[in-house]
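Note sheet for the following structure.
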Amino acid sequence: MVAIRADPKRVYPPYLFAALRSKDVQFDIGNMHVGTMIPHFKKGDFDKLWIPLPSVSAQQFIGDWHLALEETIELNRRMNETLEAMAQAIFRDWFVDFGPVRRKLEGATDPVAILGGLTPDPARAAELAALFPDGLGEDELPLGWSKRPLDQIAEFLNGLALQKFPARPGEPSLPVIKIAELRGGLTDKSNRAATDLPERFIVRDGDFIFSWSGSLMAKVWTEGAGALNQHLFKVTSIAYPQWFFARWVLHHMPEFQSIAASKATTMGHIQRGHLSSAATVCPPETLLNEMSQVMGPLWERTIHNDLENRTLAETRDYLLPRLMSGEVRVGDVQSETAA
Numbered sequence: 009m010v011a012i013r014a015d016p017k018r019v020y021p022p023y024l025f026a027a028l029r030s031k032d033v034q035f036d037i038g039n040m041h042v043g044t045m046i047p048h049f050k051k052g053d054f055d056k057l058w059i060p061l062p063s064v065s066a067q068q069f070i071g072d073w074h075l076a077l078e079e080t081i082e083l084n085r086r087m088n089e090t091l092e093a094m095a096q097a098i099f100r101d102w103f104v105d106f107g108p109v110r111r112k113l114e115g116a117t118d119p120v121a122i123l124g125g126l127t128p129d130p131a132r133a134a135e136l137a138a139l140f141p142d143g144l145g146e147d148e149l150p151l152g153w154s155k156r157p158l159d160q161i162a163e164f165l166n167g168l169a170l171q172k173f174p175a176r177p178g179e180p181s182l183p184v185i186k187i188a189e190l191r192g193g194l195t196d197k198s199n200r201a202a203t204d205l206p207e208r209f210i211v212r213d214g215d216f217i218f219s220w221s222g223s224l225m226a227k228v229w230t231e232g233a234g235a236l237n238q239h240l241f242k243v244t245s246i247a248y249p250q251w252f253f254a255r256w257v258l259h260h261m262p263e264f265q266s267i268a269a270s271k272a273t274t275m276g277h278i279q280r281g282h283l284s285s286a287a288t289v290c291p292p293e294t295l296l297n298e299m300s301q302v303m304g305p306l307w308e309r310t311i312h313n314d315l316e317n318r319t320l321a322e323t324r325d326y327l328l329p330r331l332m333s334g335e336v337r338v339g340d341v342q343s344e345t346a347a
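The working numbering puts the first residue of the sequence shown at 9, with every later residue one more than the last.
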């Protein structure tokens with residue numbers, strides 16, 4: 009690691025941070041990597057990096073503007089960690105441990121206590137708590153609840169071999185969403201596909217995607233329209249809300265990853281039979297609808313934050329090099345920000 013200190017007489021430190029984070033400088037750093045086993049950037053090559061050096065006042069605006077964007081992105085990221093922890097705790101209590109039912113059996117009467125104090129909406133606690141049954145059946149499920157295979161509560165659409173839909177020069181195209189894109193987002197190196205593939209294989213913002221091969225993971229896609237490649241499922245459901253089937257996929261993910269890791273192949277994977285073997289517990293529709301009043305906003309806020317972060321990152325990546333070079337004047341951005 010290297011500590012870089014700006015000359016305070018010439019360079020505003022937050023501006024130097026912004027400049028080193030800009031795509032152009034990062035591109036130059038990438039081209040200077042040496043080594044094959046562990047690519048690295050030599051300290052001496054810092055002397056080969058060039059960055060624009062506008063006036064100190066312009067540097068101060070650019071540096072502070074960049075920091076404000078980064079702080080908002082980080083705030084959204086941390087908020088999503090909190091939302092995920094809340095949603096995971098509520099889901100486990102309601103659907104895995106059957107906490108509200110067991111607390112009723114133990115004599116709890118206060119609605120908030122029945123719900124384990126986990127509901128973020130105490131005003132709805134009484135109505136929701138009343139819908140949980142007060143006993144377990146012989147199958148050890150809450151009375152009136154049912155057990156169903158994962159592939160019966162959602163449809164798992166496998167992607168296409170998109171080399172059969174190559175992008176055509178001069179025509180609109182879609183980025184190909186592979187496992188790498190699901191893990192790290194779209195890049196300039198992402199493959200492209202023609203737009204005339206069947207609509208159901210086009211991924212939109214808000215779609216839930218699950219890679220069943222290689223690096224098994226699942227997430228809501230928030231990178232814009234793309235084409236669904238093979239080895240990825242687009243998961244949808246007519247009967248159940250997205251938060252519900254998505255949380256069951258995430259609940260079974262460690263098990264799926266273990267299965268894939270045990271495969272004696274170069275790329276471990278799961279099969280559709282494993283989806284049929286993965287059990288889910290489904291409450292009656294009336295209770296599920298009330299649960300959605302609690303779980304839905306947590307899920308939707310997370311998606312909103314990810315989409316906002318994408319917009320902020322796109323704004324940063326577009327404006328930062330133009331502000332640094334003077335192509336976009338600081339005064340124009342200041343006026344727009346003030347407005």
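Glycine is no exception: its CB is placed at the ideal position from the N, C-alpha and C atoms.
Where in the region 143–176 do unbroken runs of the alpha helix (DSSP H), each at least 4 residues long, occur, reported from the N-terminal end onward?
Runs found: 158–161.
Run through the DSSP bridge pairs and tell me what Gly234 is partnered with.
According to the DSSP secondary-structure assignment, Gly234 is paired through a beta bridge with Val211.
Classify Val6 as buried or exposed, calling it buried when 16 or more other Cβ atoms lie within 10 Å of its own Cβ.
Residue 6 cannot be examined here, being either before or after the span of the chain that is shown, 9 to 347.
In this structure, how does DSSP classify Lys112 when only helix, strand and coil are distinguished?
Reduced to three states, the DSSP call for Lys112 is helix.
Check whether the Cβ atoms of Val302 and Phe69 sit closer than 8 Å, and answer yes or no.
Contact flag unset, no.
On a Cα-Cα basis, can you pick out the residue from Leu331, Pro249, Ala162 that is closest to Ser284?
The residue from Leu331, Pro249, Ala162 with its alpha-carbon nearest to that of Ser284 is Ala162.
Can you give me the start and stop residues for the beta strand (DSSP E) that Arg200 sits inside?
Where Arg200 is concerned, the enclosing beta strand (DSSP E) starts and stops at 200–202.
What are the boundary residues of the beta strand (DSSP E) that includes Leu182?
It spans 181–185 - the beta strand (DSSP E) in which Leu182 sits, taken as one unbroken run.
Which runs of the beta strand (DSSP E), 3 residues or longer, sit entirely within the region 280–345?
Contiguous beta strand (DSSP E) elements confined to the region 280–345 occur at 287–290, taking only those with 3 or more residues.
For my contact list, Arg318 and Thr203 are in at a C-beta cut-off of 8 Å; report their separation, rounded to the angstrom.
Contact between Arg318 and Thr203 fails: their C-beta atoms lie close to 21 Å from each other, not under 8 Å.
Where Ala226 sits in the DSSP three-state scheme:
Strand at Ala226.
What is the C-beta distance between Pro22 and Leu77, in whole angstroms, given that I count them as a contact (C-beta under 8 Å)?
11 Å between Cβ atoms; not a contact.
Option nearest Val134 by Cα separation, candidates Leu144, Thr117, Pro150, Glu148
As written in the sequence, residue 134 is Ala, which differs from the Val given in the question. In terms of CA proximity to Ala134, Thr117 leads the group Leu144, Thr117, Pro150, Glu148.
Could you check what DSSP says for His74 in three-state terms: helix, strand or coil?
If DSSP states are grouped into helix, strand and coil, His74 belongs with the helices.
Is Lys50 helix, strand or coil by DSSP?
Coil at Lys50, not helix or strand.
Taking Gly234 as the reference, give the member of Arg212, Ile246, Gly38 with the closest Cα.
The candidate whose alpha carbon is nearest that of Gly234 is Arg212.
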